[in-house]
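To start, the structure under review is shown below, and the notes come after it.
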Amino acid sequence: MLEIYTDGACSGNPGPGGWGVLLRDGDQETELCGGEPATTNNRMELLAVIEALQSLTSPVTARVYTDSQYVQKGISEWIHNWKRKGWKTAGKEPVKNEDLWRRLDSLAADHMLEWHWVRGHNGHPENERVDGLARTGLERARRAGQSVGRPVGDPSKKINGSADRPPILDIQHATVYRGETCVFSDFSFALHAGEHVAIVGPNGAGKSTLLKLLLGEVHAMPKDETRVVLFGEERWSVWDVRKRIGIVSHDLQRDYLICAEGVNVILSGFYASNDTYEYQEFSQAQIAWAHELMQELGIAHLAGRRFGHLSTGEQRRFLLGRALVHDPSVLVLDEPTSGLDLKACFQYLDLLRALIAKGKTVLLVTHHLHEMPPEIDRVVFLKEGKIIADDRKAKLLTNDQVSHLFDTKITLAQANGWYQALMMYSPILHTSSILHRIIPLF
0 MLEIYTDGAC SGNPGPGGWG VLLRDGDQET ELCGGEPATT NNRMELLAVI EALQSLTSPV
60 TARVYTDSQY VQKGISEWIH NWKRKGWKTA GKEPVKNEDL WRRLDSLAAD HMLEWHWVRG
120 HNGHPENERV DGLARTGLER ARRAGQSVGR PVGDPSKKIN GSADRPPILD IQHATVYRGE
180 TCVFSDFSFA LHAGEHVAIV GPNGAGKSTL LKLLLGEVHA MPKDETRVVL FGEERWSVWD
240 VRKRIGIVSH DLQRDYLICA EGVNVILSGF YASNDTYEYQ EFSQAQIAWA HELMQELGIA
300 HLAGRRFGHL STGEQRRFLL GRALVHDPSV LVLDEPTSGL DLKACFQYLD LLRALIAKGK
360 TVLLVTHHLH EMPPEIDRVV FLKEGKIIAD DRKAKLLTND QVSHLFDTKI TLAQANGWYQ
420 ALMMYSPILH TSSILHRIIP LF
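Quick note: the sequence shown uses numbering that gives the first Met the number 0, first residue 0, plus one each step.
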């Protein structure tokens, strides 16, 4: 049985912190460590277990050892009541570190895990090792002034548990044209079950073309080295894929018929149409499921309202319900909160997090960093039709790397697992001097 040892450390609490992991499968061992420049001890204890589980490439049976009763009791006992109460404590207060607890809950669901508490700093050999790794991660984060994390030693010796999971989507060496414009040349990308990935890039990067490739609206050039595999199949029906991948795109929202009633927007997902039509038949079970989805998404009271009379946020919820009618294992979302006000944005992101917690694999396509929920663990930078970076979120979301992606000076703000891009500070005097030439001051 796989053994997993984890620990967290923090200097100051809050302050710079680190996490350490030891995975042992027989005589094979893997060490991981990382850290954050500003965090707490409990967050590092949680992140250690999360990083350990994220490193696994397939479901396993494992024993997890931690010296944190907060982690051991939280995942074994407390979390069940938290979830029943909508992530509230017995005192009706929000659960602290909810973003990390949600991630851990989602990851743990894929495995058979036994949770064991060991007394820290008491001579336990493996606990002492991961304590040292956590302190190494802490010092790296302190020196770097940003999040760090990587394997220790040979990164090729990764614990697999069993054979690697086959990818849901596997694009290899694809060349794709839109009209006479070559958008992708020798493009490769893979998405695995259980991953939550954000593809981030500026306008014109190729994000919309990637969505059209998934929808079967554009095709890769037929070359010997080119493969586009979905769910293990090189030859696949677009209609079958649409039952297994739910896609909500801006093109769909723009082109959807404004006269369609809300409930029919949901039902149209069974036929991948832009409204319902007389020749289409729906069973009582399908109609009941559509109403259940509307209830879950908070739009049941809008069932009879026409699509064109809905707000942007309401339209987006109905299209999400349309994407969910087949209960797909994968959701692909195109800039899901674009055009929404703050309340609608937060409500939509809460829905997305709830779907992730239910086990959906999510592929988010965006240029808005604030749309990435904390559960997103992998980020891909796409620029001018090429993947220029593909790594863990904490490693890629830095001021320098995001600035390079968008060709502008950006500084990032981070809180509770969320990121926001801010304009780099520039002296206001320069701007004012320009305005003085244009606008008379009274």
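Quick reminder that beta carbons are idealized off the backbone N, C-alpha and C, glycines included.
Problem - Expected contact under 8 Å - CB spacing of Ser54 and Leu22 to nearest Å - result: By one-based count along the sequence shown, residue 54 stands at place 55. By one-based count along the sequence shown, residue 22 stands at place 23. About 7 Å separates the beta carbons of Ser54 and Leu22, which is inside the 8 Å limit, making them a contact pair.
Practice task
Would you mind working out which of Trp86, Asn415, Glu232 and Ala420 sits nearest Ser402, comparing C-alpha positions?
Solution key: The count along the sequence shown starts at 1 and reaches residue 402 at position 403. It is Ala420.
Practice task
Please report the residue range of the beta strand (DSSP E) in which Glu2 lies.
Solution key: Here the question's residue 2 lines up with position 3 in the sequence shown. Leu1 to Cys9 is the span of the beta strand (DSSP E), which, as asked, contains Glu2.
Exercise for the section: Would you decide whether Ile286 is buried or exposed? Buried here means 16 or more other CB atoms lie within 10 Å of its CB. Expected result: Reading the sequence shown from its first residue, position 287 is the one you call residue 286. Exposed, since its Cβ has fewer than 16 Cβ neighbours within 10 Å.
Exercise for the section: Classify Val240 as helix, strand or coil using the three-state DSSP reduction. Expected result: Translated into positions along the sequence shown, residue 240 becomes position 241. Looking at Val240 - three-state DSSP - the assignment turns out to be helix.
Problem - Supposed close pair Val117, Tyr64 - CB separation, criterion 8 Å - result: Position 118 of the sequence shown, counted from the start, is the residue given in the question as residue 117. Position 65 of the sequence shown, counted from the start, is the residue given in the question as residue 64. Confirmed, about 5 Å.
Practice task
Classify Pro15 as helix, strand or coil using the three-state DSSP reduction.
Solution key: Locating residue 15 in the sequence shown gives position 16, where the first residue counts as 1. Reduced to three states, the DSSP call for Pro15 is strand.
Practice task
Compute the distance between the beta-carbons of Lys206 and Gly200, then report whether it is under 8 Å.
Solution key: Residue mapping note: residue 206 aligns to position 207 of the sequence shown, counting from 1. Residue mapping note: residue 200 aligns to position 201 of the sequence shown, counting from 1. Yes. Within cutoff.
Handout entry: Unbroken beta strand (DSSP E) run spanning Arg234, endpoints
Key = Along the sequence shown, one-based indexing puts residue 234 at 235. From DSSP, Arg234 is part of no beta strand (DSSP E); its letter is neither H nor E.
Practice task
Measure the Cβ-Cβ separation of Lys222 and His172 and say whether it is below 8 Å.
Solution key: Within the sequence shown, residue 222 is the residue found at index 223, counting from 1. Within the sequence shown, residue 172 is the residue found at index 173, counting from 1. The answer is yes: Cβ separation under 8 Å.
Handout entry: Reduced DSSP secondary structure (H/G/I, E/B, other) of Ala162
Key = As a position in the sequence shown, residue 162 is number 163, starting the count at 1. Residue placement at Ala162 is poorly supported in this model, since its pLDDT is 36, which falls under 50; the coordinates are not used for a value here.
Problem - Terminal residues of the beta strand (DSSP E) in which Met43 lies - result: The sequence position of residue 43 within the sequence shown is 44, counting from 1. First-last for Met43: Asn40 to Gln53, but that is the alpha helix (DSSP H), not the beta strand (DSSP E).
Problem - 7 Å CB neighbourhood of Tyr69 in its chain, flanking five on each side removed - result: For the purposes of this step, residue 69 is taken as the residue at position 70 of the sequence shown. Within the same chain, Tyr69 has close Cβ partners Asn41 and Glu44.
Handout entry: Proximity below 8 Å, CB of Gly312 to CB of Leu137
Key = Numbered from its first residue, the sequence shown carries residue 312 at position 313. Numbered from its first residue, the sequence shown carries residue 137 at position 138. No; because the gap between Cβ atoms is not below 8 Å, this pair is not in contact.
Problem - Proximal residues to Ile298 (C-beta, below 8 Å), its chain only, five neighbours per side dropped - result: On the sequence shown, residue 298 is found 299 positions in, with the first residue counted as 1. If we look at Ile298 and ignore the five residues flanking it on each side, its Cβ neighbours are Gly261, Glu313, Arg316, Phe317 and Gly320.
Problem - Cut-off 8 Å between Cβ atoms - residues of its own chain near Met0, not counting five sequence neighbours on either side - result: Here residue 0 is taken as the residue at index 1 of the sequence shown, counted from 1. So the qualifying residues of the chain are Thr60, Ala61 and Arg62.
Problem - Nearest-angstrom Cα separation, counted from Val217 out to Leu332 - result: Locating residue 332 in the sequence shown gives position 333, counting from the first residue. Locating residue 217 in the sequence shown gives position 218, counting from the first residue. The alpha-carbon atoms of Leu332 and Val217 are separated by roughly 18 Å.
Practice task
Closer than 8 Å by C-beta to Glu179: which residues in its own chain qualify, once you throw out the five before and the five after it? Chain order, please.
Solution key: Sequence index remark: in the sequence shown, residue 179 carries index 180 (1-based). Around Glu179: no qualifying Cβ.
Practice task
Spell out the partners DSSP gives Lys473 in its beta bridges.
Solution key: Outside the shown range of the chain (0 to 441) lies residue 473, about which nothing can therefore be said.
Exercise for the section: Kindly provide the ranges of any beta strand (DSSP E) runs that are 3 or more residues long and lie completely inside the segment 326–387, ordered along the chain. Expected result: 329–333, 360–365 and 377–382
Problem - Where Leu323 sits in the DSSP three-state scheme - result: For the purposes of this step, residue 323 is identified with residue 324 of the sequence shown, where counting begins at 1. Leu323 falls in the coil class under three-state DSSP.
Practice task
Assign Tyr255 to buried or exposed, taking buried as 16 or more other Cβ atoms, counted over all protein chains shown, within 10 Å of its Cβ.
Solution key: For this step, residue 255 is matched to residue 256 along the sequence shown. Label assigned to Tyr255: buried.
Exercise for the section: Have a look at Cys9, Val247, Asp185 and Ala204 and flag the residue whose alpha-carbon is nearest the alpha-carbon of Glu139. Expected result: As a working mapping, residue 139 is identified with position 140 in the sequence shown. A small correction: the amino acid at residue 139 is Arg; Glu does not occupy that position in the sequence shown. If you compare the alpha carbons of Cys9, Val247, Asp185 and Ala204 with that of Arg139, the shortest gap goes to Cys9.
Problem - Rounded separation between Lys408 and Gly122 - CA only - result: Numbered from its first residue, the sequence shown carries residue 408 at position 409. Numbered from its first residue, the sequence shown carries residue 122 at position 123. Computed Cα separation, rounded: 49 Å.
Practice task
Spatial neighbours of Ile78 within its chain, please: CB distance less than 7 Å, with the 5 preceding and 5 following residues excluded, ordered by chain position.
Solution key: Taking the first residue of the sequence shown as 1, we reach residue 78 at position 79. Closer than 7 Å at Cβ, skipping near neighbours: Trp100 and Asp104.
Exercise for the section: May I ask you to verify whether the segment 233–242 touches the segment 188–197, counting CB pairs closer than 8 Å and requiring at least 3? Expected result: no
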